[in-house]
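Here the structure is laid out as structure tokens; the discussion comes afterwards.
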Amino acid sequence: MRPARPSALPTMATLFRWSSMTVTIELLHLVHWNAKKYSTFGEAASAPDGLAVVGVFLETGDEHPSMNRLTDALYMVRFKDTKAQFSCFNPKCLLPASRHYWTYPGSLTTPPLSESVTWIILREPISISERQGP
């Protein structure tokens, strides 16, 4: 599957993952699903061409102006089954200036670990402040 432009797919979820290991690679996951071909996220997740995840490296530095809306929303959903309204947010604002990337077929990083993901890892990181990070 030829990767689509990151802004061409609907964003299903935005995941933040930080490792508790000594060596960490901070990566923002923007999870997209093939809504033209599959009617639900679950259906797309079980298909070999169902998902695309755009990975954006995070580095500690200057505050990212658009990240505050996201971290404020995350603060509202700290507990299981908690929901918060979050609308009118364009995840494109979280992408770096350079659109150079690596791509490879892979799997979800959480159960059920379905091998249905086209990974698109952007080479250039974005900067976030310590307050915005883990």
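Counting in the working numbering, the final residue of the sequence shown is number 142, and the numbers go up one at a time with none missing. Idealized CB from N, CA, C, for every residue including glycine.
Counting every other CB atom within 10 Å of its CB across the protein chains shown gives residue 63 a total of 16 or more, marking it as buried.
Residue 132 holds the alpha-carbon nearest to the alpha-carbon of residue 104 among 137, 49, 132 and 41.
The segment 60-76 makes contact with the segment 87-106, as at least three CB pairs between them are under 8 Å.
Annotated three-state conformation of residue 77 is helix, per DSSP.
According to DSSP, residue 135 shares a beta bridge with 67.
When C-alpha distances from residue 66 are compared across 83, 42, 92 and 34, the shortest belongs to 34.
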